[in-house]
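Protein chains in written order, with the working numbering: chain A, 1 to 136; chain B, 1 to 343. C-beta atoms are modelled at their ideal positions from N, C-alpha and C, and glycine is treated no differently. One structure is given here, and the rest of the page talks about it.
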Amino acid sequence: MPDSSTKIRVLVAKPGLDGHDRGAKIIARALRDAGMEVIYTGLRQTPEMIAEAALQEDVDVVGLSILSGAHNALVPRIIELLRANGLGDVRVFVGGIVPDDDIAALKAAGVTGVFGPGASTETIIAAVRESVISNR
Amino acid sequence: MFDPTPILSGDRRALARLLTRIENGAPEAEAALAALFPHTGRAHTLGVTGPPGSGKSSLVNELAKALRARGQTVAIVAVDPSSPFTGGAILGDRIRMRDLSGDRGVFIRSMASRGALGGLARATSEVVTALDAAGFDKILIETIGAGQAEVEIARAAQTVLVVEAPGLGDDVQAIKAGILEIADVLVVNKADQPNADAAVRALRASLDLAHPAARHWTDGAHHHHAPHPDPLPAGEAIWIPPIVQTVAIQGKGVDELLEVIEKHRAHLQASGELARRERERLSHELETRLRDTLLAGLLARLGNGQLSAALERVLARELDPTTAARQLAERFKTQDSNSKLET
Numbered sequence: 001m002p003d004s005s006t007k008i009r010v011l012v013a014k015p016g017l018d019g020h021d022r023g024a025k026i027i028a029r030a031l032r033d034a035g036m037e038v039i040y041t042g043l044r045q046t047p048e049m050i051a052e053a054a055l056q057e058d059v060d061v062v063g064l065s066i067l068s069g070a071h072n073a074l075v076p077r078i079i080e081l082l083r084a085n086g087l088g089d090v091r092v093f094v095g096g097i098v099p100d101d102d103i104a105a106l107k108a109a110g111v112t113g114v115f116g117p118g119a120s121t122e123t124i125i126a127a128v129r130e131s132v133i134s135n136r
Numbered sequence: 001m002f003d004p005t006p007i008l009s010g011d012r013r014a015l016a017r018l019l020t021r022i023e024n025g026a027p028e029a030e031a032a033l034a035a036l037f038p039h040t041g042r043a044h045t046l047g048v049t050g051p052p053g054s055g056k057s058s059l060v061n062e063l064a065k066a067l068r069a070r071g072q073t074v075a076i077v078a079v080d081p082s083s084p085f086t087g088g089a090i091l092g093d094r095i096r097m098r099d100l101s102g103d104r105g106v107f108i109r110s111m112a113s114r115g116a117l118g119g120l121a122r123a124t125s126e127v128v129t130a131l132d133a134a135g136f137d138k139i140l141i142e143t144i145g146a147g148q149a150e151v152e153i154a155r156a157a158q159t160v161l162v163v164e165a166p167g168l169g170d171d172v173q174a175i176k177a178g179i180l181e182i183a184d185v186l187v188v189n190k191a192d193q194p195n196a197d198a199a200v201r202a203l204r205a206s207l208d209l210a211h212p213a214a215r216h217w218t219d220g221a222h223h224h225h226a227p228h229p230d231p232l233p234a235g236e237a238i239w240i241p242p243i244v245q246t247v248a249i250q251g252k253g254v255d256e257l258l259e260v261i262e263k264h265r266a267h268l269q270a271s272g273e274l275a276r277r278e279r280e281r282l283s284h285e286l287e288t289r290l291r292d293t294l295l296a297g298l299l300a301r302l303g304n305g306q307l308s309a310a311l312e313r314v315l316a317r318e319l320d321p322t323t324a325a326r327q328l329a330e331r332f333k334t335q336d337s338n339s340k341l342e343t
């Protein structure tokens, strides 16, 4: 078992109204199998709920699963609230359906990585781990 | 030097960060807990245990809402299992606690068990200490829910709720010692299901058999205690665990449950049982810390060489583990008296 003192904590959340959480659950499970502690909050989370959960759980990473197309509204709002909570150092990843044209703007808003339907879990795990290690 | 002011004044970010350090056993956590300890002892700690699927998280959610309606602040510690193979965990208790989001009088923290048995994580009691110092009125501790061995919660919490649901076990399950013995309040959740009455009857029938009149730990660690200065007088103020029926997802029975919980708190105070349990809990904690400290010191002084040499002899079946441990301890004593002679 890896040393618990370096345990990576990740919040996996589904903001917005789409009800498809299969992808979020697959990611949660993959991160768990990579030795991380994954707080899974379920469907239909508001940006406020996500930022508050990230604060209480003191996570290193927030993973947002969005399939509804509302990422351009939801993601910057969540990052803004995280910063307002003093969580500017928390790394944010977005997974789901995000058009290539939107990725640059999300990254400019503070997103560390965006993963589409083709991304392998290995790639995602590596990116999450790398973002935390470089941040500590 | 740790400054406890942010925690004591309700800085949630500082509290969350401290809880992480406590979980990780970081060196700063020790100083922080030392500084916070004088500010503890005020919160009412409530344990919620019971088998998986009995509705613990939903009930905790409803209890927290009802407590908030009565003006009390609430902290929730929800423990879920870590994978024994990867050390990872999925902590999903927040899914059923979404109603509590956005209320600054509620603080929810998910904890992975990180290899600990007994239904809690190793650091749970220290996390509760920090939440107590932070000033929460009620601290709800939700165990993993693995089953009959989850008795750690009886030490960690003042009032223990054991949550059952119809159809999870027959009446033989109900008379098993352990989980039922630690109950201060029995909750039959999902009481709208057809066989709820049977579950209540089975619990009621076994209560007299299962529940001892008073608690005396017999796990070996405590039998050498001095007697408590003010033991509960025999036959007086005995608390018989009430059985409360709830339907957590509809909020039914929750107010009644809360009344019973407050009644138990009043009983603990009036009977002196609260002081007894506090003594028991802190005595256990003191012994555990002492054992850990002594062991760490012993291992450091013995060095890896002697320990692995002993292990090789045990593996070769030349020595049994108990004798090997005793011999290592003897060597430690000799070193100890030698060093005393030198000084």
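request  = List the residues that DSSP assigns as beta-bridge partners of A:L64.
outcome  = A:A13, A:V94
ask   = Going by beta carbon distance, what residues of the same chain come within less than 7 Å of A:D102, once the five residues before and after it are set aside?
value = H71, N72
query = Looking at chain A, which residues of the stretch 62-73 of chain B have a Cβ within less than 8 Å of any of its Cβ atoms?
reply = none
Own chain, CB closer than 6 Å to B:S344, minus 5 neighbours either side, in chain order = Because chain B in this structure spans residues 1 to 343, residue 344 of chain B falls outside the shown range and cannot be described.
key: Member of B:L295, B:K263, B:V151, B:H284 whose CA lies at the smallest distance from the CA of B:I240   = B:K263
task = From the DSSP output, in three-state form, read off B:I243 for me.
result = strand
query = Applying a beta-carbon distance threshold of less than 9 Å, which residues of chain A neighbour B:F107?
reply = Q56
task = Could you pull out every residue in the same chain whose Cβ sits closer than 8 Å to the Cβ of A:T121, ignoring the five residues on either side in sequence?
result = I26, I27, A30
key: C-beta neighbour in chain A for B:T124, strict 7 Å   = no
query = Hey, is B:L131's beta-carbon within less than 7 Å of any beta-carbon in chain A?
reply = no
query = Taking one C-beta from the stretch 64-81 of chain B and one from the stretch 15-26 of chain A each time, how about it: are there three or more such pairs within less than 8 Å?
reply = no
key: Terminal residues of the beta strand (DSSP E) in which B:S9 lies   = Unbroken run through B:S9: none, as it is neither H nor E.
inquiry  = Determine, for A:V38, whether the minimum Cβ-Cβ distance to residues of chain C falls below 7 Å.
reply    = Absence of chain C from the displayed structure is noted, the protein chains being A and B.
ask   = Going by the beta-carbon positions, is the gap between A:E57 and B:A89 smaller than 7 Å?
value = no
inquiry  = Excluding the 5 residues flanking A:M49 on each side, which residues of the same chain have their C-beta closer than 6 Å to its C-beta?
reply    = none
query = Any idea if A:F93 is buried or exposed, counting beta-carbon neighbours within 10 angstroms, 16 or more meaning buried?
reply = buried
message = Helix, strand or coil for A:L74? Go by DSSP, reduced to three states.
response = helix
query = Residues of chain A with a CB under 9 Å from the CB of B:S83: which are they?
reply = M1, R32, D33, G35
request  = Determine the direct distance from the alpha carbon of B:S206 to that of B:P194, and round the result to whole angstroms.
outcome  = 21 Å
request  = Put A:M36 into one of helix, strand or coil per three-state DSSP.
outcome  = coil
task = Determine, using beta carbons only, whether A:G96 comes closer than 7 Å to chain B.
result = no
request  = Check the Cβ of B:L19 against every Cβ in chain A and list those closer than 8 Å, keeping chain order.
outcome  = D58
Check whether B:V163 and B:S271 have beta carbons under 7 Å apart = no
query = Are B:T246 and B:N189 touching if we call contact CB-CB under 7 Å?
reply = yes
request  = Return the residue from the list B:G305, B:I182, B:D137 that minimises the CA-CA distance to B:T49.
outcome  = B:I182
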